[in-house]
Structures are given as structure tokens and as C-alpha cells.
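2 protein chains.
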Amino acid sequence: MSTSEKDMIVKTATVVGLGLIGGSMALALKERKLAGKVYGADTNSFHQQKALELGLVDFIGDLDEVVALSDLIILAVPVNVATLLLPRILDKIDRQVVMDVGSTKHPICVVAADSNKGNRFVATHPMWGTEFSGPTAAVSGAFANKAVVICDKEKSDHDAVDLVEKIYRALNMHILFMESAAHDVHTAYISHISHISSFALANTVLEKEKEDENIFELASAGFESTVRLAKSNIDTWVTIFQQNKENLLDVLNEHIAQLRKFKSCLEKENYEYLGELIGNANKIKRILK
Amino acid sequence: MSTSEKDMIVKTATVVGLGLIGGSMALALKERKLAGKVYGADTNSFHQQKALELGLVDFIGDLDEVVALSDLIILAVPVNVATLLLPRILDKIDRQVVMDVGSTKHPICVVAADSNKGNRFVATHPMWGTEFSGPTAAVSGAFANKAVVICDKEKSDHDAVDLVEKIYRALNMHILFMESAAHDVHTAYISHISHISSFALANTVLEKEKEDENIFELASAGFESTVRLAKSNIDTWVTIFQQNKENLLDVLNEHIAQLRKFKSCLEKENYEYLGELIGNANKIKRILK
Numbered sequence: 001m002s003t004s005e006k007d008m009i010v011k012t013a014t015v016v017g018l019g020l021i022g023g024s025m026a027l028a029l030k031e032r033k034l035a036g037k038v039y040g041a042d043t044n045s046f047h048q049q050k051a052l053e054l055g056l057v058d059f060i061g062d063l064d065e066v067v068a069l070s071d072l073i074i075l076a077v078p079v080n081v082a083t084l085l086l087p088r089i090l091d092k093i094d095r096q097v098v099m100d101v102g103s104t105k106h107p108i109c110v111v112a113a114d115s116n117k118g119n120r121f122v123a124t125h126p127m128w129g130t131e132f133s134g135p136t137a138a139v140s141g142a143f144a145n146k147a148v149v150i151c152d153k154e155k156s157d158h159d160a161v162d163l164v165e166k167i168y169r170a171l172n173m174h175i176l177f178m179e180s181a182a183h184d185v186h187t188a189y190i191s192h193i194s195h196i197s198s199f200a201l202a203n204t205v206l207e208k209e210k211e212d213e214n215i216f217e218l219a220s221a222g223f224e225s226t227v228r229l230a231k232s233n234i235d236t237w238v239t240i241f242q243q244n245k246e247n248l249l250d251v252l253n254e255h256i257a258q259l260r261k262f263k264s265c266l267e268k269e270n271y272e273y274l275g276e277l278i279g280n281a282n283k284i285k286r287i288l289k
Numbered sequence: 001m002s003t004s005e006k007d008m009i010v011k012t013a014t015v016v017g018l019g020l021i022g023g024s025m026a027l028a029l030k031e032r033k034l035a036g037k038v039y040g041a042d043t044n045s046f047h048q049q050k051a052l053e054l055g056l057v058d059f060i061g062d063l064d065e066v067v068a069l070s071d072l073i074i075l076a077v078p079v080n081v082a083t084l085l086l087p088r089i090l091d092k093i094d095r096q097v098v099m100d101v102g103s104t105k106h107p108i109c110v111v112a113a114d115s116n117k118g119n120r121f122v123a124t125h126p127m128w129g130t131e132f133s134g135p136t137a138a139v140s141g142a143f144a145n146k147a148v149v150i151c152d153k154e155k156s157d158h159d160a161v162d163l164v165e166k167i168y169r170a171l172n173m174h175i176l177f178m179e180s181a182a183h184d185v186h187t188a189y190i191s192h193i194s195h196i197s198s199f200a201l202a203n204t205v206l207e208k209e210k211e212d213e214n215i216f217e218l219a220s221a222g223f224e225s226t227v228r229l230a231k232s233n234i235d236t237w238v239t240i241f242q243q244n245k246e247n248l249l250d251v252l253n254e255h256i257a258q259l260r261k262f263k264s265c266l267e268k269e270n271y272e273y274l275g276e277l278i279g280n281a282n283k284i285k286r287i288l289k
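In order, the protein sequences belong to chains U and X. For the first sequence, the positions run 1 to 289 when the working numbering is used. For the second sequence, the positions run 1 to 289 when the working numbering is used.
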């Protein structure tokens, strides 16, 4: 048995949506030889062409065509498109496995539960991304040593979860299991608010500094670090925020309240309390090494 | 003439305050052989010991002693200590040059203007830092290819500015000149608000997630990026915020207003405007490549 056959988990996989995440996933399946063939589907003809040029997939086809040919279908489209496409794909399959890789999990799990083939769906969220988008943003080895969440696994068939676990383990990911609703609460804190904060910081600076472009020569690593996520894709994030609206509003209200504490310290010249606020924030060292 | 003698700009330099910035500056002077000898002063005995152990300085002495021995004195203490120490140091010197490296510039320039030796002072701000602190955080080659601002140079003697420019050019820094008051407005936008945002984000997450430590396994690169500055030193930042209070309050109010726009979009389910806000934030690509 060759290395390639030994590593192979599925004969054919289709990645639907060849952007940052889908493109990186297709590349990972090909590079690690986890799928014999990797097919792609994307409504954007530029993405189709680039994905082929970059060797992310072996073949690009019509959605229904590639789904029919595949053992595993990976949905990597914006989360609002994923919830629309999932019932259509589940209707077309028999014993195949469908998984998604979106940043919100509760809405798609609700959609899956409404389908009589929902048991063939596995809801997942690999905790990796960058501020870039499209197939040209795809990265080799993107998922290694990152966490991935599998949600509501008791609603999926055992063999479907097993297959998805095998894929993620082969990619050296650390698998966590979580209820989809809990996932969406946590990612609001761990990811979505960071994006809102970066977008708002970028707008703050652009609003005030628009007449003085030279000033950006001053921008140092700290600025870049907090603002780089502001480059992130509009469609991806509008739809994530939309699907996780309630949780995100809770976090955003808390974040604005925390910022107001800093504001109040400055207004009242209460530098002792300001030091306490910063000291408390320093506790993040427990988490971020 | 040896390489060492050719590169030497001053025979002896003293760095006052051997933390992240002072330690890195001392190391740079030694490594690039820009000073024959580098002396250090620090009131913290742990810092003294570590700075010697790490070879950041050749000798640690009492402040007045090392100042008297030095051609160039570099103030790298928290900005509130710098404004207190500067008059004392200026009183002790004759033709020597004193420079600072603090993140606020207007308050120290006001202090310098009140001294009859203020012409021997050069106000500078190298645009480099990390979230770590103390002499163990000192980094070799920290300043290369970064910007440095020199403020109110018309108030300093020509030879003093020339000396400081020579040092920064030898460190491969890009020198900008600016009024101290303008510098403090710009750094409020480009640096200080990023720190407030990170501290407040850390507090937001720590507040909500304190009962569920496991969740931090989910934290991905985006979270780390926006929150890493929250590890920054209390004393350094309380005093920067204090000295730049008025500008920072302006920026903080603007930032809270920008966050409220995101909040309002979510509350009103106005996803078209949400997309516009993100699209506007994307314009930061002009600045951050």
C-alpha cells in the first residue's frame, strides 16, 4: 500500500466555496492526501480560475454534479449561504457526509435538524483564519495545532462524526465538542467582538486622520496588531454578525461598558482605579502566553 | 582606526530606566558600538541586576554619578517620572545632551522649556514597543526600520539635535519631526487607543468567561492579535494615559461612538449599513499593507 492510499480517508471530497477557509481546507486535503480527489464548487468565476491555477482543487464543477461524485462535502461559504445551501445538498445525498466550517453554529444546526437527512451533517468550526480572503489567501498547513469545535454531535450519525474527526485529527487539530448555542456565545467573546473592535478602531482613526495621511508613518506594531482584522471580508463578517446578533449585542454592550470605565477614570482623574483596570486586563496573561 | 572607533558617536552614554525601551536602547548602543561605554541607572535592584547579567550596560551607578560621567543621557523611565527627573538632570549638566524616549511629548517639552538648560534636551519617541516589560524584555535590533519622532527641535541646540539624529540614523530609524502637541494628538489615535481597546477587550472577556476557563482553548490568532496589548505594563500606561488625557478622551469618545454604530446596525437589523461600516474599515488596507 502506498503512502497515498494509507493516508486516504475519503476517495472524493468536494469543497463548496473556495475562499480563505475552503481554499485552505482543499489544499490541506490534497497535500495530506486525505482525499483521492478534491473537487470544488464556487459561483465566482475568478475564484474558480484561481483555485485551479493554485492547485487547490483537481476539478471545478457544477454544485449538484460534484456533490453527487463525493463522499464528503465541505461547506465553506459565508454562513448565510451555508444555511441556504445545506437543505439543498442534504436533499441530493444518500449516505455521504456533509460538514460545514462556519463561524456560527446554532443557525445551521437548526436548519440541519429540520432536514430528514440532518443526521448526515456534522457542524464544525476550525479556529483558524486570517484577515485576507479569496482563494489567493489560502494557506498551506493552516489548521495544524489549532482547535476545532464539533457541535451537537449527538444529532449526527456516528460514522459521519467519525469521518470528520479522522480528517481533523489527520490535520493535527485539537477537537473540542460543544453545544451549538454555547459555541455561538463563546465565539462572540473570543472572536466576533475582536472583529467589531478592529473595524471600529479603523473607522475611528480613518475618521480623524483623513486629512493627514503622513501620520500613518507613526503606526507601530501595536496599532497594526489591534487593527489588522479590520481588513477582513465584508460578506463573511456581516453574515456572521447577523447570525450571532443576540450574543454579539450582549458582548458589545459589555465592551462599551468596559470602555466607559476607562473614560470615567480619565474624566475623574482616578488613576488608582485606572491602574486596577489595567491590572485586571493583565490577567489575560493566564490565557495568552 | 578600528570599526569600533569609527562607529562611535559618544564616548559614554547613560540610560536611565532599564526596562523594555531603555534596555533595548542600551543594547542597541552597545551592539552597534555607538557609545564607548554604556552606563545604566535604575531604582529597581532587580532591574539593575538583570541589566548587568544580560549585558545591556557596562556599569550601573547612582543617577548623579553616571550623569556626570556621560556625554549623552537617555531618559527611559515612565513618562511621569521623566518629567520629574528631567529638571534635576538638566541642573547637573553643562554641554551634555539629554534625550527622552517617552510616548507622550508635550508635557516633557513644557518642563524642558521651563529649565534654563532646556536647550540641551531633545524630545524623542521611537515608535517601537512590545507588550512585555522590564530588562528581560529588551530586544536586540528593536529599532531598525522603525519611525522615530523628534519634537520641537527648534527649542534644542543644533549640536544636540545633530547628535540624536546621528544615533537614530545609525540605528536605521526613519526620523520624523513634529510639534510635541501634534505628536500627542496623533499617538492618541495611532497607539494609545489601541491599548485602551485591548485592555477593555481583555476585561470584557475575563468578566464573562471567568467561570469557564476551558473556553480559552478556542482563542485563535484574531483574538490574540487584538488582546495581546492587554498584557502591557500598568505604570507605563497609566502615566501615558494621564499625560495624554485630553487627547485620549477625544479619541475614546469617537471610538465609543463608532462602536455604537455597529450596535445600532445590529439592533435595527440594518445589515446594509453594517456592510458599509465594514467596507469603510477595510480602507485601512491603504495604510496597513
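Glycine is no exception: its CB is placed at the ideal position from the N, C-alpha and C atoms. Keep in mind it's a predicted model, so treat the numbers as computed, not measured.
Could you give the first and the last residue of the continuous beta strand (DSSP E) run that contains V148(U)?
Taken as a continuous stretch (DSSP letters only), the beta strand (DSSP E) holding V148(U) covers A147 to C151.
Can you look up I93(X) in the DSSP assignment and give me helix, strand or coil?
Coil.
Please go through the same chain and pick out, in chain order, the residues whose beta-carbon is closer than 8 angstroms to the beta-carbon of Y271(X), but skip the five residues on each side of it.
C265.
Counting only beta-carbon separations shorter than 7 angstroms, does Y273(X) have a partner in chain U?
Chain U, which has no Cβ nearer than 7 angstroms to the Cβ of Y273(X), makes this no.
Counting only beta-carbon atoms, is N247(U) nearer than 7 angstroms to chain X?
No, N247(U) lies away from the interface with chain X (no Cβ there is under 7 angstroms from its Cβ).
Three-state secondary structure (DSSP) at F143(X)?
Note: F143(X) maps to coil in three-state DSSP.
Would you mind giving the Cβ-Cβ distance between F199(X) and A112(U), rounded to the nearest angstrom? I have them listed as a contact below 8 angstroms.
No, F199(X) and A112(U) are not in contact; Cβ-Cβ is about 40 angstroms, not under 8 angstroms.
Which whole runs of the alpha helix (DSSP H) in the segment 60-115 of chain U are 4 residues long or more, in chain order?
The qualifying runs are 63-69, 79-92 and 106-113.
Nearest to V122(X) by alpha carbon, out of P135(X), S140(X) and M178(X)?
Closest option to V122(X), Cα to Cα, is M178(X).
Tell me the rounded alpha-carbon separation between I234(U) and M8(X).
Distance between the alpha carbons of I234(U) and M8(X) is about 52 angstroms.
Report the CB separation of D184(X) from N253(X) in whole angstroms; it is logged as a contact under 8 angstroms.
Actually they are not in contact, since the Cβ atoms of D184(X) and N253(X) sit about 16 angstroms apart, beyond 8 angstroms.
Mind pulling the chain U residues with CB within less than 7 angstroms of Q258(X)?
The answer, in chain order, is A200, N203 and T204.
Spatial neighbours of F241(U) within its chain, please: C-beta separation below 7 angstroms, excluding the five flanking residues on both sides.
So the qualifying residues of the chain are H192 and L248.
Based on the DSSP output, what are the partners of L27(X) in its beta bridges?
DSSP output for L27(X) lists no bridge partner at all.
Looking at chain U, is there any beta carbon in it that lies within less than 7 angstroms of the beta carbon of Q242(X)?
For Q242(X), the answer is yes, since a Cβ of chain U falls inside 7 angstroms of its Cβ.
For the alpha helix (DSSP H) holding G222(U), just list the boundary residues, first then last.
Element bounds for G222(U): A221 to V227.
Taking the C-alpha atoms as reference points, what is the distance between D64(X) and A182(X)?
Straight-line Cα distance between these residues: approximately 33 angstroms.
Tell me the rounded alpha-carbon separation between V161(X) and A170(U).
Their backbone Cα atoms lie some 59 angstroms apart in a straight line.
Cβ of L368(X) less than 7 angstroms from any chain U Cβ?
Residue 368(X) is absent from the structure shown; chain X starts at 1 and stops at 289.
Here's the rule I'm using: 16 or more other beta-carbon atoms within 10 Å means buried, otherwise exposed. How should N80(X) be labelled?
Buried: at least 16 other Cβ atoms inside 10 Å.
Do H106(X) and A147(X) have their beta-carbon atoms positioned less than 7 angstroms apart in this structure?
It is not a contact, given that the beta carbons lie outside the stated cut-off.
Run through chain X and tell me which residues come within less than 8 angstroms of I196(U), C-beta to C-beta.
L259 and F262, listed in chain order.
Should G279(X) be labelled buried (16 or more other beta-carbon atoms within 10 Å of its own) or exposed?
Exposed, because fewer than 16 other Cβ atoms sit within 10 Å of the Cβ of G279(X).
For L27(X), which residues of its own chain have a beta-carbon under 7 angstroms away from its beta-carbon, when the five flanking residues on both sides are left out?
Cβ within range, chain order: L56, A138 and S140.
What number of angstroms, rounded off, separates the C-alpha of G61(X) from the C-alpha of L69(X)?
For G61(X) and L69(X), the distance between alpha carbons rounds to 10 angstroms.
Taking 7 angstroms as the CB-CB cut-off, is A165(U) touching chain X?
At residue 165(U) the sequence reads Glu, which differs from the Ala that was named. Closer than 7 angstroms: no.
Counting only Cβ pairs nearer than 7 angstroms, list the residues of chain U close to M127(X).
Going along chain U in sequence order, the residues near M127(X) (Cβ under 7 angstroms) are L218 and S220.
Answer with yes or no whether the minimum CB distance from F223(X) to chain U is below 7 angstroms.
F223(X) counts as touching chain U.
Under DSSP, the beta strand (DSSP E) around I175(X) begins and ends at which residues?
Start and end: H174 to M178.
Can you name, in chain order, every residue of its own chain whose Cβ lies under 6 angstroms from the Cβ of G19(X), other than the five neighbours on each side?
Counting only Cβ-Cβ distances below 6 angstroms, and skipping sequence neighbours, we find S133 and G134.
So for I284(U), helix, strand or coil by DSSP?
If DSSP states are grouped into helix, strand and coil, I284(U) belongs with the helices.
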